[in-house]
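Chains as they are written, first to last, in our numbering: chain Z, 1150 to 1593; chain Y, 11 to 614. Glycine is no exception: its CB is placed at the ideal position from the N, C-alpha and C atoms. As the structure is a prediction and not an experimental result, all values here were calculated from the model.
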């Protein structure tokens, strides 16, 4: 996936790093810190003296919004703006000590839908900035269709969604020049922006949009930012990077992390191992485990074919029976295919089917353009050899369908190997419709 | 343009992806194209001038270039760029080609080009009316005309899937892997495809479904279209609009894959980078439903696609819109081919009579043919027929350098060897082996250094300084005894010939200004015969229209020294025959002519 969410702390750090380039007329104190627990915060206060000197705000930095409505923004002890370092430390320790419920959607102040429950592991701590509602502004940018769109509003803060009709949208084609952009932004500053701030707002928006473009953000939002003359505070930020630009942005982005979102299941070691293999290979290896106890496992070549198989299994068997989604493509080597196959066989042979049926392994694929089928099947055969006993114990029926370079040899080899190892197998070539093996497997 | 490619379409292939290029040429041979579909290859890091590929059972050479600009200049007719650069450089390669112009379509294979760059590349191409296929694609095909790289897979699969000749379906898919599959399904259930494009799996691709379908609507060979979409994005809705507004009238069969995505969070990425639904409208189900509502043929699942294709095809066939296709004859590519170890581009001894570069020997040998030895040299050495003045010059050079008496080292060696009782060839070789930097080699170097100085606009004084810094005496300058007052008459003859016959002699003119400076320092520092020959050769080639790079290749290959070797062989053979006639005894050098100074070797 090309667009990846980053933490608020990282988003602010990236902007701070390039501040003078994009916002030369403004100052930003960049007083912000990310910690995982209270003691980290206490320790940090030795160097960052503002932690001791100023009133603080603390909140989780884990890719979810609506933190205020979830009661997860600490800005008051007995009254707003009186949070001390000690209080922040104890609050972070308290919030990170047990699982928290977080709602992602609200109607008014009432939660909507189900809460995700997970541990809070990352917090961002900043000085409390006394300011008036009038000083809060909203700005964001993203790509919509073929254009980049800049959103600006004088109504920043928690209620921006409710006041979405006051948000000004300005679209720019990718080929727009800096001059065209600057001119158009100046012409479209929201009416409600205070007169004294209008010029500064335009200047800031131009820099913001330039940073969005040049730093390869896929999404960039500051809500709100506070304008006090030429002094800017970034109270809350959300950002996504286009990670395909990573090779050009190594210096600009620095050491940025792409965390999994809150409430998402931790990736299993198997999935992490496949991701690692994928990152080291010129080929593509992908694996998502949907339901490890389910009966039908797929090992499908090709991004498109893998989706078609998943669709067909969901249609014909229902998603209850689908254990995984994944694909290998781009001509993986024999050893890469072997590793991929072993990973799936290992997961698949851990337990018998709850209803004691045979499990089904779909080794599917369309007609390859250039991947050598016999070569990839050699890797799968090698994995069979290691797992044959376990496979027989669990009971697995294998259905193969594939075409492309050297497919006759590949099919013959895999059939012979399965027969030799005493595994149940049926093999089909391009004359059989690509997903027909799913129907056949379910008919048994 | 209604057709993406024709049987005459030629491409420049960026990156020497040998197996993909070979697949294209196998396809060309199978469908009996007149010219290979790859006109040239851009191989930035290769120092070779061409690469060998099979064309059916034979081999052909495809030229290699260092960059797109060079390739396009040499192959202006090639209007397709196949950009196989990595995701790091694919953008720059495309932009360079767009800047150059002259390309109608550019295919980009890299997956994961930074989104912003991909968008800019696509927008720029759109402005310039260039069709981009990709990024992240396996390409496109116009069956029976032109095939990009690996699309369609092996040649067996291509014939199996009827991709070797035009059928009547226009196929557009996002997935490259399923492209082959659909071609196969269409071949089994209908009559194959007329044109097919895999638009690419990245979020931002150049030409989208609607671009390709509108072109196919205008292409009379296409009778109906098949669109395979995917969950994510709204491109299918543009097709729906075109059907509604009547812009597209031909029947469309369509299916969006990824109906499973609705069961899972957005956290599960199904298929390509572009495949992720933002909102209900982008789900596969919503798109399938919306397409069905405007009368597009939508099956109930991917599994039912074959039936619907068959139904649409047979209906159009029954209506007479689709006619039966006569299967064309094909060449069969041999499965076992052996690469040739040697290449010859100057002569050919197959057939009745041997040829020198296309001229049968009998047509150049006898005086009545009008060919002299200089003509034969020009065609065998330079693969061109030179005009008379140039041929005469070549012969003048040979005659001028044929001999220079018995005392020079090469002649001396030849004579000593002949007197030792060796045969003509051994004696000749022993003489030739002395030719090098100190004997005869000055021709090459004179040409090289004077050309370098002149090319770089050095004044004679600059040139002298430059050579001083390099620590090399100026090649082609200086003679043992001759001077301006006592000129070398061989040099005078060459200069006179050049003045009378060459269109111009800029390098000689420059060399003479250098000579003025050197002779003002010492009077025997004249332009000698080696220098004059080397410099006039450069002037000759320039007058004949050779480019500087080509002349540099001649010099680097040692072509100038070859004149000395060939000419002086005449003299050496004369000396050897002279020795044989005189039956001179074995030569032993007189001992009193040797200074003996031998110390006892010390023990270490």
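Per the DSSP secondary-structure output, residue 141 of chain Y pairs in a beta bridge with Y/115.
Every alpha helix (DSSP H) of 4 residues or more that sits fully in the region 1490–1552 of chain Z is shown, in chain order, as 1522–1543. Interface flag for residue 1519 of chain Z against chain Y is set, since a Cβ pair is found closer than 7 Å. Taking 7 Å as the upper bound on Cβ-Cβ separation, chain Y lies near residues 1391, 1393, 1394, 1396 and 1397 of the region 1390–1405 of chain Z. Interface criterion met: the Cβ of residue 269 of chain Y is under 7 Å from a Cβ in chain Z.
Within the region 1572–1583 of chain Z, contact with chain Y at the beta-carbon level (separation under 7 Å) is assigned to 1579, 1582 and 1583.
Excluding the 5 residues flanking it on each side, residue 247 of chain Y has same chain C-beta neighbours closer than 8 Å at 291, 297 and 300, in chain order. In this structure, DSSP gives residue 295 of chain Y a helical state, which the three-state scheme calls helix.
Taking a Cβ-Cβ cut-off of 8 Å, the neighbours of residue 1553 of chain Z in chain Y comprise 163, 164, 167 and 190, given in sequence order. For residue 1469 of chain Z, the closest of Z/1214, Z/1442 and Z/1541 by C-alpha to C-alpha distance is Z/1442.
Residue environment analysis places residue 308 of chain Y among the buried positions, since at least 16 neighbouring C-beta atoms fall within 10 angstroms of its C-beta. With a threshold of 16 other beta carbon atoms within 10 Å, residue 587 of chain Y falls short and is exposed.
Residue pairing by DSSP puts residue 61 of chain Y in a beta bridge opposite Y/72.
The alpha-carbon of residue 1158 of chain Z is positioned some 10 Å away from that of residue 1180 of chain Z. Only exposed fits residue 606 of chain Y, as fewer than 16 other CB atoms lie within 10 angstroms of its CB. If one requires a minimum length of 3 residues, the beta strand (DSSP E) runs lying completely within the region 1177–1228 of chain Z are 1182–1184 and 1205–1209, in chain order. Separation of residue 1475 of chain Z and residue 316 of chain Y (C-alpha to C-alpha, rounded to the nearest whole angstrom) is 25 Å. Between residue 1494 of chain Z and residue 1533 of chain Z, the alpha-carbon positions lie close to 8 Å from each other. Going by DSSP, residue 1446 of chain Z is part of no alpha helix (DSSP H) but of the beta strand (DSSP E) stretching over 1445–1447. Residue 1281 of chain Z sits exposed, since fewer than 16 C-beta atoms from the chains shown fall within 10 Å of its C-beta. Contact residues of the region 33–44 of chain Y toward chain Z are absent (C-beta to C-beta distance below 7 Å). Rounded to whole angstroms, the Cβ separation of residue 66 of chain Y and residue 343 of chain Y is 6 Å, and the two are in contact under 8 Å.
Restricting attention to alpha helix (DSSP H) runs no shorter than 4 residues, the region 481–510 of chain Y encloses none. Within the region 197–251 of chain Y, the complete beta strand (DSSP E) runs of at least 3 residues fall at 203–208 and 234–240. The Cβ-Cβ distance between residue 1569 of chain Z and residue 1514 of chain Z does not fall below 7 Å.
Within the region 360–422 of chain Y, the alpha helix (DSSP H) runs of at least 4 residues that lie entirely inside it are, in chain order, 372–375, 383–392 and 398–411. Membership of residue 539 of chain Y in the alpha helix (DSSP H) is indicated by the continuous run 539–553.
Separation of the CB atoms of residue 260 of chain Y and residue 235 of chain Y is rounded to 6 Å, and the pair is thereby assigned contact status at 8 Å. Residue 1251 of chain Z carries a strand assignment under DSSP once its states are collapsed to helix, strand and coil. In the three-state scheme derived from DSSP, where H, G and I count as helix and E and B as strand, residue 1416 of chain Z is classed as coil.
Neighbours of residue 1463 of chain Z across chain Y, judged by C-beta separation under 8 Å: 269, 270 and 273. Those residues of the region 15–31 of chain Y placed with their C-beta closer than 9 Å to a C-beta in chain Z are 29 and 30, ordered along the chain.
C-alpha of residue 1349 of chain Z to C-alpha of residue 1357 of chain Z: approximately 12 Å in a straight line.
About 6 Å separates the beta carbons of residue 425 of chain Y and residue 416 of chain Y, which is inside the 8 Å limit, making them a contact pair. Taking 3 residues as the shortest admissible run, the region 1295–1368 of chain Z contains the following complete beta strand (DSSP E) segments, listed from N- to C-terminal end: 1296–1302 and 1317–1321. Under the three-state reduction of DSSP output, residue 1152 of chain Z falls in the strand class.
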